[in-house]
Amino acid sequence: EPEVTQTPSHQVTQMGQEVILRCVPISNHLYFYWYRQILGQKVEFLVSFYNNEISEKSEIFDDQFSVERPDGSNFTLKIRSTKLEDSAMYFCASMRGREYEQFFGPGTRLTVL
Amino acid sequence: RKEVEQDPGPFNVPEGATVAFNCTYSNSASQSFFWYRQDCRKEPKLLMSVYSSGNEDGRFTAQLNRASQYISLLIRDSKLSDSATYLCVVNMAGNQFYFGTGTSLTVIP
């Protein structure tokens, strides 16, 4: 069964450093998402991506964040200068079409020291 | 106002019990609705989509009331393996999905 994959599973970084979180969505899916979940809190929408551009983004997704789909398979989330409060689980999700459900990757746990 | 609200629980029920979870959403233009389950430190996994006519999948029944902006999930004959956090998810408009805080369920032997 196809699945969304994410790497790394755990990333530890120093405050102020750049991190890139990687995702490989399911191959025939057209919509891609990033979410974050701070420990003990709800899953929060960050950004959606369709047709090679951002379609929606939340207030959390400020200038420090960017997304790319560089090669037609990978979907990346970059945080330019990490802050302590960026520590969270980051989930990638993909969706085949507008009327379908999202499938989530296993997540990357980001720890900012 | 929160976009999606759920009773966080926790719900502690004995095996075999029937349990119901509720969820309300703020935007009347919301388009699609889902229940996901999330195990501790794992990713959300789809349990079921929620349709206007209501839908059932084995022991699970989901209902949608658009007039009241309310979604429910009923679990019958609870199993130990049903212990998880149940997330209400709403696509309000466009391509943005909102999650509730989740309702924690523990099924006790």
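In order, the protein sequences belong to chains A and B. Note that the working numbering gives residue 56 to position 56 of the first sequence, counting from 1, and the numbers run on in steps of one. Note that the working numbering gives residue 1037 to position 37 of the second sequence, counting from 1, and the numbers run on in steps of one. Beta carbons are placed, not taken as given, at the ideal position from N, Cα and C, and that holds for glycine.
- The beta carbon of Tyr1025/B sits closer than 6 Å to those of Val1004, Gln1069 and Val1090, all from its chain and outside the five residues before and after it, given in chain order.
- Per the DSSP secondary-structure output, Asp1057/B pairs in a beta bridge with Phe1060/B.
- Rounded to whole angstroms, Tyr31/A and Phe103/A show a C-alpha spacing of 10 Å.
- Among the bridge pairs identified by DSSP, Ile79/A is matched with Val19/A and Phe65/A.
- Contact check for Ser48/A and Gln1096/B: beta-carbon distance about 6 Å, within the 8 Å limit, so the pair qualifies.
- Contact between Thr1103/B and Pro1044/B fails: their C-beta atoms lie close to 13 Å from each other, not under 8 Å.
- If you check each beta-carbon in the stretch 50–65 of chain A against every beta-carbon of chain B, the ones closer than 9 Å belong to Tyr50, Ser55, Glu56, Lys57 and Ser58.
- If one requires a minimum length of 3 residues, the beta strand (DSSP E) runs lying completely within the stretch 1046–1108 of chain B are 1055–1057, 1060–1065, 1070–1075, 1084–1093, 1096–1099 and 1103–1108, in chain order.
- At a cut-off of 9 Å between C-beta atoms, Gln1069/B does not count as an interface residue with respect to chain A.
- If you draw a straight line from the Cα of Lys1002/B to the Cα of Pro1014/B, it comes to about 31 Å.
- Between Tyr35/A and Phe91/A, the beta carbon gap of about 5 Å places them in contact (Cβ cut-off 8 Å).
- Of the residues Glu99/A, Tyr33/A and Arg109/A, the one whose Cα lies closest to the Cα of Glu85/A is Arg109/A.
- The DSSP-derived three-state label of Glu99/A is coil.
- One alpha carbon belongs to Asn1055/B, the other to Ala1020/B, and they sit about 14 Å apart.
- Between Gln37/A and Leu21/A, the C-beta spacing is not below 9 Å.
- Here Glu56/A carries a strand assignment [DSSP, helix/strand/coil].
- Using a Cβ-Cβ cut-off of 7 Å, Glu1043/B is close to Phe91, Phe104, Gly105, Pro106 and Gly107 of chain A, given in chain order.
- Note on geometry: alpha-carbon atoms of Thr1018/B and Asp1057/B lie some 15 Å from one another.
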